[in-house]
Amino acid sequence: MSTRPSTDVTPATVAAVQRALDGRWHALRDEVRARDDFAHLHVDPGTDVETYRAAIWEMLARLADEGHALHGFPVAVGGRGDIGGSVVSFEMLAYADLSLQVKSGVQWGLFGGAIQALGNEEQHARYLPGVMDLSLPGCFAMTETGHGSDVQSVHTTATYDASSGEFVIDTPTESARKDYIGNAARDGRMAAVFVQLYSGGERHGVHAVLVPLRNDEGEVLPGVEILDDGHKEGLNGVDNGRLSFHGVRVPRENLLDRYGTVAPDGTYSSSIESENRRFFTMLGALVRGRVSVSGSAVGAASLAQTIAIRYGEARRQFAGPGSDEEIVVLDYLAHQRKLLPGLARTYALRFAQNELVEMLHDIQSTREAGGDVDEKRQRELESRAAGTKALTTWHATATIQACREACGGQGYLSENRLGALRADTDVFTTFEGDNTVLLQLVAKGLISGYADDFGHLDTLGTVRFVADQVLDTVAERTSLRQLAERLRAVAPGRDEEDVRDRSWQVKLLDDREEHTLDGLVRRLRPAREKGISPERQFAIFNSAQDHLLRAARAHLDGLVLDAFVRGIDTCVDPSAQALLAKVCDLYALSLIEEDKGWFLEHGRISAARSKAITAEVNRLCLELRPHARALVDAFGIPESWIGAPIATGAEQRRQDEARAHADSLS
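Here the UniProt record's numbering is used: position 439 in the sequence shown is 439, and no number is missing along the way.
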């Protein structure tokens, strides 16, 4: 379809790039790609909500019948014990229908994942087979109307009644109702409900309890109140609802008790004494959902870019000088600028996501097998999951909008999917953690002296933690400095004045991270002065939040670039390596260009170097233009799954017919 085909990127090169992007679970991705039924999963966006929900439920049942859910569950209960595979198979659904993807994530990732991560072996055997085959559809009831990101402050209660051996579940106020709960409005029969646990007259912090919602006939059970959240901006195939509980009684055995249990007489016990540490350990066990959302965002961005770049190679506008033939819009620098730096960032984030999935798989597989997991490594996983999810979901939002604009009015047509992608992914920036809060989670891990009992990010617990630290150094720096040294050792003859010198790019970003973190430390240091009041401590912390977020972004940019470089190293095909190196240059330089105000203000680059960076980004866009189609083809999205007429040849045929008609008239 391209009017400027590549002369050096062969099908073998594209296959090698795809292999690098696919990562460790490349065989599973190919297995999912081989399905021919995903081509029929696209639901008409004009479908009414009830019909759409029913269609998604039918699709979900089909996936369950075919064993799609088995990957991540324990072998002991009929699963395959492949945690990374479960995330990858979930990611692939982004190309089919995002409501289907989210619905499956609620059922198998969140509801099933909560039972798997927080429950005991008896609970696994009792519930997980039904979760996998969809005979037990469920919900993950964590978020409350009044408490979203601040899960530790949820108000729903579970009070143990020793006389009956039951927990009594209550929603004390309207703000304590569980809100925006997937599967609640229509299909859910049971919920993993996060509550403040009371027994023996004492509160023991947040725990999860399994609470039945409906009977086998689908009738709502006594004491359970369910409201439909109604029509949403997107994801209307998912039946989100509000749950309230009024004296609902469940057996003591319904407490998911891996990290805390209640004896028949009401005695509470836990292997983790600290309530704060216990809470964060529980949340850490549920990190798979956050990793999965990150992967789905990368998938949605990849699909949008595939549609937009294919259309950009077919769409013509304005005749060139001395010619009657109109110019392909992707040949315009402005159009390249709109799409290609974003495409480079998608590549970078795909490699970062692959590393995140590998880390998740290795850590959680070790834990499932009964092995010891290094606490530092677990914290690194949680920080990376939080930061990567923030970057990928913000990127998806910006990218899909850019792709819609790049496709003009055609991009606004429902049949071309960009509007639905934009609406469906918009909420990704705030579910599984609000992105701004997640960046604060990343930033706290950069401050030295990470405390075991670290409390709320936005409460006095943070202030007091900060005040107690020496704050002379920062911890958990990226490996950018080591990467820069390795790159210089591999290519010592490179000119450091060359902006394509990878070691120079890496050094510049590493310097920004170090300077930003040092500045953050200096701003927070007054909070530890002797005699300072808690109110003043909080004011100091609050006034530095902008700096905190900037430090997190600088750190994450380094992690992503580091992952990209390692991803290139996995390529054995020289032409694929060369192509990926150019894409990596475009990612790194566009990243620097985006923040060149900071680099100029802090004397890291000169005005001349700033102009050179912009010129080099333009040059890279021109060099990569002939390979744009190859780069989106390397995402490996099956032709029949794409579903957008403007990306499947319809626009090319229309323009060919128009030209033929014009020729006949002349």
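Glycine residues also receive a C-beta, built at the ideal position from the N, C-alpha and C atoms.
For my contact list, residue i and residue j are in at a C-beta cut-off of 8 Å; report their separation, rounded to the angstrom.
i: N236; j: Y52; result: 5 Å
i: V87; j: L360; result: 7 Å
i: T392; j: V298; result: 5 Å
i: residue 675; j: E144; result: Residue 675 cannot be examined here, being either before or after the span of the chain that is shown, 1 to 666.
i: residue 668; j: S296; result: For the chain, the structure presents residues 1 to 666; residue 668 sits outside this window and is missing.
i: V519; j: H547; result: Note on identity: in this sequence residue 519 is Gly, with Val being the wrong assignment. G519 to H547, Cβ: 6 Å. Contact.
i: E623; j: L589; result: Wrong, their Cβ atoms sit about 12 Å apart, outside the cutoff.
i: T436; j: L283; result: Not really, about 18 Å apart at Cβ, beyond 8 Å.
i: Q107; j: P137; result: 6 Å
i: L418; j: A20; result: Between A20 and L418 the Cβ distance is about 27 Å, and since that is not below 8 Å, they are no contact.
i: L213; j: R189; result: 6 Å
i: D133; j: D187; result: About 14 Å separates the two Cβ atoms, so there is no contact after all.
From this set, the options, which residue's C-alpha is nearest residue i's C-alpha?
i: A69; options: I56, S104, A76; result: S104
i: D562; options: Y95, N354, D228; result: N354
i: Q116; options: Y95, S533, R258; result: R258
i: S199; options: I169, I181, A162; result: A162
i: R29; options: R350, G636, G649; result: G636
i: G370; options: A12, T10, N120; result: N120
i: residue 720; options: A96, G188, T47; result: Nothing can be reported for residue 720, as the shown portion of the chain is limited to 1 through 666.
i: G81; options: F599, T366, A192, A158; result: T366
i: D584; options: Q505, D265, T10, T425; result: Strictly speaking, residue 584 in this sequence is Cys, with Asp absent from that position. Of Q505, D265, T10, T425, the residue nearest in Cα terms is Q505.
i: residue 675; options: E66, S274, K582, L349; result: Past the boundaries of the shown model lies residue 675; the chain is included only from 1 to 666, so the question cannot be answered.
i: T261; options: A158, C139, G23; result: A158
i: G109; options: V131, A94, A348, D265; result: V131
i: T13; options: A647, I642, T648, A630; result: A630
i: Q317; options: A300, Y268, L227, G408; result: G408
i: A420; options: P11, M59, S99, G67; result: S99
i: T614; options: I592, N542, G603; result: I592
In the DSSP assignment, what are the bridge partners of residue i?
i: A191; result: C139, V211
i: I169; result: A158, V248
i: T261; result: S269
i: Q196; result: T157, V206
i: D228; result: G241
i: R316; result: V328
i: V17; result: BP columns for V17 are empty, so no partner.
i: L255; result: V209
i: V220; result: R214
i: E144; result: K178
In its own chain, which residues sit with a C-beta less than 6 Å from the C-beta of residue i, not counting the 5 before and 5 after it?
i: T171; result: T156, R177, S244, F245
i: H456; result: With a pLDDT of 38 at H456, under the threshold of 50, the modelled position of that residue is not reliable, and the figure given next carries that caveat. Excluding residues within five positions, none has a Cβ falling inside 6 Å.
i: A467; result: The pLDDT assigned to A467 is 42, lower than 50, so where the model puts this residue is not dependable; a value taken from the coordinates is nonetheless given after this. Taken in chain order, the residues that qualify are A527, R528, Q537.
i: H147; result: S153, V154
i: A141; result: K178, I181, A191, V193, L243
i: A628; result: I309
Does chain D have any CB closer than 8 Å to the CB of residue i?
i: G78; result: Within the model displayed, chain D is absent; a lone protein chain is all it includes.
Would you say residue i and residue j are within 8 Å of each other, going by their C-beta atoms?
i: K389; j: E432; result: yes
i: E368; j: P74; result: yes
i: L524; j: A539; result: no
i: A185; j: A114; result: no
i: R315; j: G205; result: no
i: V248; j: V220; result: no
i: A634; j: Q123; result: no
i: A423; j: G230; result: no
i: A386; j: R288; result: no
i: V250; j: F167; result: yes
i: I169; j: C139; result: no
i: T425; j: I400; result: yes
Once the 5 residues before and after residue i are set aside, which same chain residues still bring their CB inside 7 Å of it?
i: R345; result: H395, Y587
i: G312; result: V329, L330, H335, L339, A406
i: S383; result: L441, V442, G445
i: S323; result: none
i: A352; result: T388, L559, V560, A563
i: T459; result: Confidence is the limiting factor: at T459 the pLDDT is only 42, short of 50, which leaves the residue's position unreliable and the question unanswerable from this model.
i: W25; result: G84, G85, V88
i: P645; result: E415, N416
i: L349; result: V298, L391, T392, H395, V560
Can you give me the Cβ contacts of residue i inside the same chain, cut-off strictly under 8 Å, excluding the 5 residues immediately before and after it?
i: V632; result: S302, Q305, T306, I309, R310, L343
i: A554; result: L509, R512, E513, T516, L517
i: A16; result: C571, V572, D573, S575, A576
i: T478; result: Because the pLDDT of T478 is 48, which lies under 50, any placement of that residue in the model is unreliable, and the number read from its coordinates should be weighed accordingly. The answer, listed in chain order, is D510, E513, H555, G558, L559, D562.
i: A612; result: V499
i: D495; result: Only weak support is given to the placement of D495: the predicted model assigns it a pLDDT of 48, under 50, and the question is left unresolved by the model.
i: A125; result: A76, V77
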